[in-house]
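In my numbering, the protein residues as written are 1 to 93. Data block below; observations after.
This is how it looks when you write it as structure tokens:
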């Protein structure tokens with residue numbers, strides 16, 4: 001179980017997207033969930049990802065300004081993952 005940084009609710013890891021900040025302060029999506037660095041989790045829900053952008057949730061989690069372009073990338077990635085789940089179910093990554 002991991003905490004979604006937007007809602008503060010706990011979810012199984014498979015229901016979340018991990019975002020990681022590495023030592024060089026680069027923020028990336030971590031599809032493997034194993035990259036080195038500080039991680040933060042967002043649920044696989046487009047509305048939640050948009051709320052994260054609106055509230056600058058990653059900025060707060062990482063203590064730095066996260067580029068708006070990254071939030072757009074995150075929203076697109078979450079939207080894609082949500083669509084895959086709707087098409088194929090929860091068992092596919």
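All C-beta atoms, glycine included, are put in the ideal place defined by N, C-alpha and C.
For residue i, which residues from the same chain have a beta carbon less than 7 Å from its beta carbon, with the 5 sequence-adjacent residues on both sides left out?
{"i": "residue 46", "result": "75, 78, 79, 82"}
Sorted by chain position, which residues of the same chain lie with C-beta nearer than 6 Å to residue i's C-beta, five sequence neighbours on each side aside?
{"i": "residue 37", "result": "20, 21, 22"}
{"i": "residue 62", "result": "21"}
{"i": "residue 51", "result": "6"}
If you check the beta carbons only, do residue i and residue j fall under 8 Å apart?
{"i": "residue 17", "j": "residue 5", "result": "no"}
{"i": "residue 40", "j": "residue 58", "result": "yes"}
{"i": "residue 44", "j": "residue 15", "result": "yes"}
In the DSSP assignment, what residue or residues form a beta bridge with residue i?
{"i": "residue 41", "result": "4, 18"}
Between the C-alpha atoms of residue i and residue j, what's the straight-line distance to the nearest angstrom?
{"i": "residue 88", "j": "residue 26", "result": "32 Å"}
{"i": "residue 11", "j": "residue 2", "result": "5 Å"}
{"i": "residue 85", "j": "residue 72", "result": "20 Å"}
Could you name each continuous beta strand (DSSP E) segment of 3 residues or more that falls completely within the stretch 29-93, going from the start of the chain to the end? Taking only runs of at least 3 residues, the beta strand (DSSP E) segments lying wholly in the stretch 29-93 are 38-43.
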